[in-house]
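The opening residue of the sequence shown carries number 148 in the numbering used here; numbering runs sequentially from there.
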Amino acid sequence: MDDLCKSSMKFFSDQQIRYAEILLPHEVQARIQVAVLNFLKVLASPDPAISNITLIKRKSSNSKVSEGILTDVSWIFLSQYFCTRSLTRANAAKAFIRVWKVMEMCFEILIQEKRVTQRELFYKLLCNSPDYFSSQLQVNRTIQDVVALLRCSRYSLGIMASSRGLVAGRILLQEPNQEAVDCSACGSSGYAISGDLKLLESLIMKTDARYIIVVEKHAIFQRLAEDHVFNQIPSILLTAKGYPDIATRFLLHRMSRAFPELPILALVDWNPAGLAILSTYKFGSIGMGLEAYRYACNVKWLGLRGNDLHLIPEQSLAQLKPRDLQIARSLVSSPILQDNYRQELELMMQSGQRAEIEALYFHGYDYLGKYIAKKIVQANYI
C-alpha cells in the first residue's frame with residue numbers, strides 16, 4: 148500500500164523534465180483530470196489511504212543556474228528533489244486542500260475560457276473557501292504548487308499576470324488589428340504593459356534604439372522619460388516600479404529575442420534590494436524556477452556601482468536597514484550570486500551603507516542622462 152500511495156500522486160514528478168510547459172486549455176484540463184483520477188484510485192483501493200502530493204522542491208538548496216552553451220543567457224532551474232503536501236500532517240493539511248481548491252478553480256476558468264489575475268482568484272477563493280484562504284500569499288504559493296504538480300505555466304492555468312510595468316522611448320508597439328503606439332510620444336507616463344502574456348507575445352515591435360535600459364524606480368523612469376534621454380542615448384526605457392512582475396519580465400524577454408543585438412542595461416540602487424532586482428531580471432527567481440527560462444535576459448549592471456560612490460555626497464549615503472541585511476543574507480546563499488556581484492555585495496556589507504540613484508541629483512536634475520552616457524562609454528558592465 149505504501150508503494151501505491153507514493154506512486155499514485157507523483158503525476159509527472161518522476162519525469163526528468165524540470166520546467167513548466169506552455170499548454171493549451173484542453174491539455175491542462177486533461178492533466179487536472181488525471182490528478183483527480185489518481186487521487187480517487189487511492190481512495191477506491193482495497194486499503195484506502197490519503198496520498199501525499201509530490202511537488203518539485205522550490206528552495207535554494209534545489210536550485211542551480213544554467214550555463215548556456217549556445218547563448219549568453221543563464222537562468223535559475225530546479226533539480227530533481229521533491230517536497231510533499233500531506234493531508235495526514237497537521238502543518239501541511241491545509242496546503243494539501245488548497246492545491247485541490249486552486250486546481251478546481253482553474254479547471255472552471257479554462258472551461259469558461261476566462262483569464263483571471265492572482266488578485267481576482269484570491270477574492271474568489273476567499274469567498275468560496277474562507278477556512279483555507281485568508282491571504283494573497285497563500286494563493287500565490289498554492290499557484291506555484293499547482294504549477295509544480297501539473298508542470299504547466301500559470302498562464303496555461305488561466306492566470307493572468309498583474310502588471311505594474313511601463314515602457315517609453317524609441318520603440319513602436321502594435322497589437323493585432325490596432326494602431327501602432329509610438330512609446331517616445333507617451334510622455335513621462337509611458338506605455339502601460341498589459342498583463343495578458345498572449346497579447347504581449349503577439350506584439351509587433353520595431354525600434355531604432357541601441358540600448359534597452361531597465362530602471363528600478365518609477366520616479367527615475369519618469370525623470371528619464373521627461374528629459375527624453377532616449378533621444379540623447381537611442382534607447383528603450385522599461386520599469387516595473389520595483390521588483391519585476393511577470394508581465395514586465397516577459398516583455399523584456401520578448402524584446403531580447405526580437406532585438407538580440409541590443410545590450411540590456413540595469414539602473415538600480417546600490418543596495419541589496421537593487422542587486423536582488425537586477426538578479427531577478429537576469430536569472431529569474433527560485434520560487435518560479437520551473438518558469439524562469441521564459442523570463443530570463445542577459446541584463447548588464449549599468450549602475451549604481453561601488454565605483455560610483457565618489458559621485459555621491461557623503462550625507463546622501465544611508466545606513467543599511469535590517470531588511471537590507473536580510474536580503475543580503477538571502478543573496479549570499481543563492482546560486483545566482485556570481486563573483487563580481489558578490490564583490491559588490493561584500494562592499495555594501497563592509498561599508499554598512501547604501502546609495503540611491505536620486506543622490507546623483509546633487510549634480511543637477513539633468514545629470515542622470517550624462518551619467519548613463521558616461522557608463523555606456525566606459526562599457527564596464529557585469
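Each residue gets a CB set at the ideal place from its N, CA and C atoms; glycine is no exception.
{"Query": "Any alpha helix (DSSP H) of 4 or more consecutive residues that is wholly inside the segment 415 to 441", "Result": "419 to 430"}
{"Query": "Rounded straight-line distance, which links the Cα of Pro-407 to that of Ile-200", "Result": "41 Å"}
{"Query": "Residues of its chain near Ile-216, where Cβ-Cβ distance is below 6 Å and the 5 sequence neighbours each way are ignored", "Result": "Legend: pLDDT at Ile-216 = 49, less than 50; position of this residue unreliable, no value from coordinates given."}
{"Query": "Burial state of Asn-418 (16 or more Cβ within 10 Å)", "Result": "buried"}
{"Query": "Element boundaries [beta strand (DSSP E), containing Ala-315]", "Result": "313 to 316"}
{"Query": "Counted within 10 angstroms of its Cβ, other Cβ atoms place His-400 as buried (16 or more) or exposed", "Result": "buried"}
{"Query": "Cutoff 7 Å; reference Ser-335; Cβ partners in own chain excluding five residues on either side", "Result": "Gln-369, Ala-372, Glu-373"}
{"Query": "Cβ-based burial, Gly-531 [other Cβ within 10 Å; buried from 16]", "Result": "Nothing about residue 531 can be read from this structure; the chain reaches only from 148 to 529."}
{"Query": "Residue range of the unbroken beta strand (DSSP E) whose run includes Ile-383", "Result": "382 to 386"}
{"Query": "Contained beta strand (DSSP E) runs [length at least 3] in the segment 258 to 338, N- to C-terminal order", "Result": "313 to 316, 318 to 321"}
{"Query": "Nearest-angstrom Cα separation, counted from Lys-271 out to Arg-232", "Result": "22 Å"}
{"Query": "Buried/exposed call for Leu-511, threshold 16 Cβ in 10 Å", "Result": "According to the sequence as given, residue 511 is Gly; it is not Leu. With fewer than 16 Cβ atoms within 10 Å of its Cβ, Gly-511 is classed as exposed."}
{"Query": "Three-state secondary structure assigned by DSSP to Asn-199", "Result": "strand"}
{"Query": "Secondary structure of Ala-526, DSSP reduced to three states", "Result": "coil"}
{"Query": "N-terminal and C-terminal residue of the beta strand (DSSP E) that Leu-449 is part of", "Result": "446 to 450"}
{"Query": "Selected residue, minimal CA-CA separation from Leu-515, among Leu-268, Ile-179, Ile-504", "Result": "Ile-504"}
{"Query": "Reduced DSSP category for Ala-413 - H, G, I as helix; E, B as strand; rest coil", "Result": "strand"}
{"Query": "Contacting residues, own chain, Cβ-Cβ under 7 Å from Asp-355 (five flanking each side not counted)", "Result": "Arg-317, Pro-381"}
{"Query": "Euclidean distance between Cα positions of Glu-174 and Ala-439", "Result": "21 Å"}
{"Query": "Secondary structure of Gln-369, DSSP reduced to three states", "Result": "helix"}
{"Query": "Neighbourhood of Cys-253 by C-beta, 6 Å cutoff - its chain only, sequence neighbours within 5 removed", "Result": "Leu-304, Gly-305"}
{"Query": "Simplified DSSP assignment, three categories, for Ile-360", "Result": "strand"}
{"Query": "Separation of Leu-296 from Ser-160, as counted between CA atoms", "Result": "Caution applies to Ser-160, whose pLDDT of 43 falls short of 50 and renders its modelled position unreliable; the value that the coordinates give is listed next. C-alpha separation (whole angstroms): 7 Å."}
{"Query": "Cβ neighbour criterion (16 or more within 10 Å) applied to Asp-513", "Result": "exposed"}
{"Query": "CA-to-CA distance, Lys-468 to Ile-519, given in whole angstroms", "Result": "27 Å"}
{"Query": "Bridge partners - Glu-505, DSSP secondary structure assignment", "Result": "Paired residue(s): none; Glu-505 is not in a bridge."}
{"Query": "Glu-168 - partner residues in DSSP beta bridges", "Result": "Cys-299"}
{"Query": "Contact set for Pro-391: own chain, Cβ-Cβ below 6 Å, skip 5 residues either direction", "Result": "Thr-427, Tyr-428"}
{"Query": "Three-state secondary structure assigned by DSSP to Arg-404", "Result": "helix"}
{"Query": "Sub-9 Å separation of Arg-266 and Gln-283 beta-carbons", "Result": "yes"}
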